[in-house]
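Protein chains in written order, with our numbering: chain A, 2 to 992; chain B, 1092 to 1414.
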């Protein structure tokens, strides 16, 4: 009855809201406007905040708190992390200096100093006197004598080491100084190729993706912008005299031949190109068209640029309506600036040729993806620097030069054609908008420091006065956005659908400038705009194109018809539909061949399965002769066991619930078990331990880390917190500036750091009823009831806007921030979770970690073979290859949190991050999985919610719910007839 | 379907005629043989119905008397599951209460709303009627449409309802609608009503379409004064079939609510504030691997649903034949 009444009330409220709301809002707005118009009216009513003083009268602002007072000082401060040190500003300063046309070569062997780099000078990859720098760390310094002061481009001749696939990156300093921010990270590419261009087939007629193997090829690459914003190579300024240039390894090392100072030459115009090659205005070369299959690229800069299957169009080559054919390259993976693909082809007769590319670009509606075209390593003429691939929903032929094709002169013999992603005209726009996003975020923080994230709707905060440069800054942002919107629209032929976002934002900013008193009210829309704009940036700076094949057609011939007509498409769809009844789409790759076959279920996803299967087929099956039937299954393992259809091995599965019920095989019986478990953190196996048996191997392991915004901490004059006391001390300061700290679920961490075991010694009770635990819980819930920290939030968005400059979150979120929030790149960090100071003064950072499990089912037909598979799968080389391939295929955000300690070191974490994660992992502990253990987390949450939502006393709530947990633990023991439980995990269990 | 056989059979007691080859025409076997065409046509359905409805019900009744964890063979334990269920399981009582609230509030409410909407819409022009029908029916067709509500009732201050109430100054801090025991059930009930307007509503529309118009004319001559009299004395008695069908659908829908609870409020819900019997079954069946116990709960739910259906049919029967 009570509930019925309550529901009635809520419904009435909602009805009321919908009817009353609109006029109220309208009223509020009118009132605001009225207030603005009536600035001369003397403010006598303290209550009526709407009609407070005229703008600029500080004294009548009766609600001005300490916060606002202290803010005015910070507002005027310059942001130390602002982008003043950008390349743009560098160019403003030095852009007009001379550009001496000399070339200076600095042989790498002549370095003058090194710190911790331990380089060797030896013969390497066919060249003498090479500086082999394979330590992945340290710093090397060279000296250079400059005769003529001015701006120079720089290049490096290098060859990467093939034993890893880490990003090659360096930080450069000239005379120990950073001339502009981008010098902090220069990236150099590796070179990959298909292992074979005769694609192998599995036994179901599907082509297999060839492995991408790395080549040790010498390259001379220019020091340029990894983000592609500055298209040309960077300039560095040198005065006359002796200078030092130092490189510090921030990624993988390389073997260096030389460094070079020189001037990059711009390509000439098309007319110049024609004149140089003796064109006489007649282009009538006859002959055969050369067709180059896109997937058979000879070289590429990235392992993600592997051959792909595209079944969307009936005219792709090669074609099959149902089978997987490797028939295209690129697509969404060929999108970041600097990625290139190169094809080799043979020309029989010298002459003039035109180039056509059959492509698909259904990613950027209303915009183009841009490529730089190089023939034999050179951009033939300036127009080839940005070849535009317009949006198209199907595959289409792009003729270079469109209606008036450009003609290229080709000698008889071998040639290469290379397409490289570039941002083209978009580069400046993207740079400017990125700066705008940064500025907007900065202003947002300034504003919420005064208004809080939920401003009072009826108060005029007079933001334009309190933040003295608010209006000028908004005007500048609006001006830039307007300019970029027009530029993009013009480039896209007046449409610029994609740029509508910019318009939307500057319209809002303009109305802010016009009516500053509405800013606080429309703050949430402003914030959403920032998010949209960031999303737009990500979208716009990716330039995807998929290529089916290239046509090099003699100038006197016509391009062949490449367009599929309606009938082709109909036939294609019908065939594909019919095939869907006969094709087995759950199995990946070869299905069980040979005498010994193991059925493996993978539950994580199709991409994971597609990445794993080739590794198995190339490595495991040839090595052992055991065939693997890999199945992508998203369904319930329990039903499969009940139906007797269970696999032999299940990856990333539930383990212990099944183990307690006898469905999982015990693993320590296998001979290599003791060796295998040394691959993991010593505490890992405890999770899978019952009595003296072990029932699973860990797959992925994650735990929390502390994320912080360096710029905001700096602004507030705070250090990165190391202990919980640091956190509590900074909380008032952060909150006074209307920001928050994300501390959800830190209770568990504090609990373990207090040195309390999860369970009582006989494993019958969870230790939450111990006095210390209850005190911690009271303190923890106080954060939400007294300090009003948010108890539900989207970490990623709040962190990016800076609303939550410090938060504890899972470590694999770092890749998401890195990939999806470019505007704060370099402005945040990740470190160990705050710790508890122990008696001896050290900080205890203990934390539990979770882990997914790989199991062998009890009914496995060939346990020995299944174990060999698991042994192989969890080994460091396999895990590293799998992880890196996965990242290569799915992008950075798919970085795999491998439990294998050695494999972790081979992932693409930056050194600093890897170090923090490693250190945090060392503090990791686990507890055995008890029957009924799921009740611990459930009832802890129940207790927490009872305090937060129902205002129960924390002590009582925790006690009540913990008793229920204990009851369940006992109940489950009775179910399994367990008298006494003990665990004896090898290596792990620390007291 | 077996009507003809019944009529044809002569009314002679089988014992009276002692012809040896004479077959007992009352025997089921004989009747089935006589009507084999009909039975043949029914077979596919019966097979499916038996394997996927009757058999599982019977099996789960059996399981309810066993300890069964789905991985090992079931073990007979007699009434123990029921004993635990009624005596020890506190959470079961919470879920019973929640389910009853669901059943007794959303069931009748959405039933009545369906009827009223259908009645009102029925008088509109066919075009408008179609459009409105689609609007009202759409939520129940498009499976996951209710996830939109998780945005409307999002728990942080950016959720629609929260930000709205906060901007009006009615709230100072966001309410966690689905996590707060005071609101979760209510909010989910509102959503359930919205969601369940579909099928029942469609049945009623169909019912209104098939009414015998002559009766309305007759009613008009006999002195029906207003629409409500028309509704009460002519429309409702004619729609008995649809009323019962829709009631059965509504009741079973209301009693077996679980998907939307799990999707919106999590599983299990905070402090079990919105857990229903069905989510309780899922809890035991999948998280704790106690299929026997879960079966016992579902048997209880089954019995409860049958009882409720009978009661409702009695009430409706009274209503339809009131005069």
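Positions of the beta carbon are idealized from the N, C-alpha and C atoms, including for glycine.
- Cβ proximity to chain B below 7 Å picks out 639, 642, 643, 658, 659, 662, 663 and 664 from the segment 639 to 669 of chain A.
- Here residue 339/A is not near residue 435/A, since their CB atoms are 8 Å or more apart.
- Residue pairing of residue 220/A in beta bridges, as defined by DSSP: 159/A.
- Looking from the CA of residue 357/A, the closest CA among 374/A, 281/A and 351/A belongs to 374/A.
- If only uninterrupted beta strand (DSSP E) runs of at least 3 residues are considered, those enclosed by the segment 185 to 273 of chain A are 187 to 189, 192 to 195, 213 to 216, 220 to 223, 236 to 239, 242 to 250 and 255 to 263.
- The residue among 195/A, 460/A, 767/A and 365/A with its C-alpha nearest the C-alpha of residue 538/A is 365/A.
- Between residue 974/A and chain B, the shortest Cβ-Cβ separation is not below 8 Å.
- Residues of the same chain with a CB within less than 8 Å of the CB of residue 1370/B, apart from the 5 flanking positions on each side, are 1186, 1349, 1352, 1353, 1358, 1359 and 1360 in chain order.
- Comparing alpha-carbon positions, the option among 492/A, 345/A, 970/A and 518/A lying closest to residue 763/A turns out to be 970/A.
- Residue-level contact check: residue 1180/B does not touch chain A, since none of the beta carbons of chain A fall below 8 Å from its beta carbon.
- The C-beta of residue 921/A has 16 or more other C-beta atoms within 10 Å across all chains shown, which makes the residue buried.
- Among the residues of chain A, those whose CB is under 8 Å from the CB of residue 1247/B are 791, 793, 794 and 795, following chain order.
- Per DSSP, the unbroken beta strand (DSSP E) holding residue 414/A starts and ends at 414 to 422.
- With respect to the 8 Å criterion, residue 650/A and residue 870/A are classified as neighbours on the basis of their beta carbons.
- Straight through space, the alpha carbons of residue 1152/B and residue 1390/B are spaced by roughly 6 Å.
- Annotated three-state conformation of residue 523/A is coil, per DSSP.
- The distance from the Cβ of residue 181/A to that of residue 86/A is about 6 Å, consistent with a contact at the 8 Å cut-off.
- The segment 323 to 334 of chain A makes contact with the segment 195 to 210 of chain A; the number of CB pairs closer than 8 Å reaches 3 or more.
- Between residue 522/A and the set 137/A, 445/A, 301/A and 348/A, the nearest pair of CA atoms involves 445/A.
- In terms of Cβ geometry, residue 158/A and residue 258/A form a close pair [threshold 8 Å].
- Residue 143/A sits close to residue 260/A, with the two beta carbons spaced by under 8 Å.
- By the CB criterion at 8 Å, residue 1287/B and residue 1197/B fall inside the cutoff.
- Taking 8 Å as the cut-off between beta carbons, the residues of the segment 934 to 961 of chain A near chain B are 935, 939, 942, 943, 946, 947, 949, 950 and 951, in sequence order.
- With the criterion set as a beta carbon lying under 7 Å from some beta carbon of chain A, the members of the segment 1157 to 1181 of chain B are 1160, 1161, 1162 and 1163, in sequence order.
- Each of 801/A, 622/A and 151/A was checked against the Cα of residue 533/A, and the nearest Cα belongs to 801/A.
- Listed in chain order, the positions of the segment 501 to 527 of chain A with a beta carbon within less than 7 Å of a beta carbon of chain B are 525.
- Here the C-alpha atom of residue 1406/B lies approximately 53 Å from the C-alpha atom of residue 526/A.
- Excluding its 5 nearest sequence neighbours in each direction, residue 1231/B has C-beta neighbours in its own chain below 8 Å: 1286, 1287, 1288, 1289 and 1290, listed in chain order.
- Taking the Cβ atoms as the reference, residue 1333/B lies roughly 5 Å from residue 1294/B, within the contact range of under 8 Å.
- Across the structure, residue 183/A and residue 88/A are spaced so that their CA atoms are roughly 7 Å apart.
- The beta carbon of residue 1335/B is closer than 7 Å to those of 1404 and 1407 in its chain, skipping five residues each way along the sequence.
- Of the other Cβ atoms in all chains shown, fewer than 16 fall within 10 Å of the Cβ of residue 205/A; this residue is therefore exposed.
- A straight line joining the alpha-carbon of residue 697/A with that of residue 818/A spans about 32 Å.
- Of the candidates 292/A, 360/A and 296/A, 292/A places its Cα closest to the Cα of residue 348/A.
- Residue contact with chain A for residue 1226/B: absent (no Cβ-Cβ distance below 8 Å to any residue of chain A).
- Secondary-structure assignment with DSSP links residue 710/A through a beta bridge to 829/A.
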